[in-house]
Amino acid sequence: TTTNFSTFGLFGSAASAESTPAPAAESTPVATQASGGRRGSQVGMAARIATAQSALLARYAGEHLQEVAVENELQHAAAWGRPSLATIAKQRGRLYAVIGEQAVLYRDVSMDAWFTPYVAMLIEENIAQGYRDETGKPTGEFGVVHSITYAEVLKMALETAGYGVTGLPPPRNISARGTWAQAYVAKAEEMGITVFPSTLNVHTFASRGEVVQTILEVLKLPIAKQTARFQDVQSSHPHAHAIATAAFYGFIAGDTDAEGNPLNTFRPDDHINRAEVAKIIALVKAAME
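Numbering-wise (the numbering used here), the sequence shown opens with residue 737 and increments by one.
Structure (C-alpha cells):
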C-alpha cells in the first residue's frame, strides 16, 4: 500500500529551476506540461503507477513465470538429455531465466517472494540481471538482500530511461574510472545528477533518500516543493522533496509493522536493498510504457 497524500497543494506551484530537474522532452512518456498543467501531470503519473503495479503483478505472477519455465523446459530438455535448469528451478521454487543463451536459476529469488515480479521484470527488460563472475557469466544471484551501491542504482535508472552511455569522455570521478561504472557515471556528470559529485565513491552504498533522488532526476520527473509526511524526514533533509514526490507517485510507501500497518517512517539515511530498488524501478518502467 502507498502512503496517502493530499493532492491539492503538493504540486500546486512549480519548484524552482535550481531544485527541479529539467522537464523531459515532449516525446517521452513522462513529459511535463506547461505552466498551469503541472499538477494534472503529476496526478496522471500517480494514476499510471497504480495501474502499472496491477498489470505488472498480473504479468509476472508466479504461475505465469512457471509456465515460461515449463515452455523452456520443453524446448531444451531433449537437447540437454538431463533435467534442465528450468525443471530444477520449478522443483525448488526459484526464478528461472535465459540470459543470452545461458539458463540461469536465481537461487536467492523465491517464486513466492513479494519482490519476485519486480526482479523478473528487470531481468526481462535487461535493466538488471544480477551478479556476474570474473568472466561475465551470471552467478545465479540477484543480490536481493544486499544494499545497493550508487553505481548500481545509477545503471538501473539510466537503463530504464533508455539513455545511451557510449562515446563519452572519462568521468571526473576517480572511483568510477576503469570500472564497469565508468560510462554510467560519465553520463550522470553530463546530466548534472546531484547525488554524484566527483568526490563520491560510487561503489559504496547509497542511502534510501539518495536512491529516490537519483531515480527521479535521471527520469526527469518533476520534484515537488513540499516535504514528505514521514516523521523521520525533516523539511531540511536534502532529499525531503524527492521523498515526498516518490511517495505521492506511489513508488515508495514507508515502513510498516508486522501486520502491515504504516509506521510513518522512511529511514532516509539508511541503506536500501536491491529488492526494494527493483520494485521502484519496475514501477517507473511499467508506468512509462
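Note that CB positions come from ideal geometry on N, CA and C, so glycine has one too.
Here Tyr920 carries a helix assignment [DSSP, helix/strand/coil]. Cβ-Cβ distances below 6 Å link Val901 to Ala919, Tyr920 and Lys923 in the same chain, with the five nearest sequence neighbours on each side left out; the list follows chain order. For Val855, the secondary structure class from DSSP, reduced to helix, strand or coil, is helix.
Looking at the backbone, the Cα of Asp991 and that of Ala983 are separated by about 12 Å. Judged by pairs of C-beta atoms under 8 Å, the segment 837-855 touches the segment 875-892, as three or more such pairs exist.
Around the beta carbon of Pro933, a 10 Å sphere encloses fewer than 16 other beta carbons of the protein chains shown; the residue is thus reported as exposed. Between Val1020 and Val947, the beta carbon gap of about 12 Å keeps them out of contact (Cβ cut-off 8 Å). With respect to the C-alpha of Gly836, the residue from Thr981, Gln865 and Leu793 having the closest C-alpha is Gln865.
According to the DSSP assignment, Arg944 belongs to no beta strand (DSSP E) but to the alpha helix (DSSP H) extending over Arg944 to Val954. For Tyr832, the enclosing beta strand (DSSP E) starts and ends at Arg830 to Ile835. Leu999 places its beta carbon less than 8 Å from that of Asp993. According to the DSSP secondary-structure assignment, Thr885 is paired through a beta bridge with Phe941.
By the neighbour-count definition (other C-beta atoms within 10 Å, threshold 16), Ser972 is an exposed residue. Note that the C-beta distance between Met892 and Ile863 is below 8 Å.
A distance below 6 Å between beta-carbons, with the five flanking residues on each side excluded, links Val840 to the following residues of its chain, in chain order: Ala833, Pro874 and Gly876. A residue is called buried once 16 or more other Cβ atoms fall within 10 Å of its Cβ, and Asp869, having fewer, is exposed.
The three-state secondary structure of Ser846, taken from DSSP, is strand.
Leu841 has Tyr832 as its beta-bridge partners, per DSSP. Here the C-alpha atom of Ala912 lies approximately 41 Å from the C-alpha atom of Asn997. The Cβ atoms of Thr915 and Leu952 do not sit closer than 8 Å to each other.
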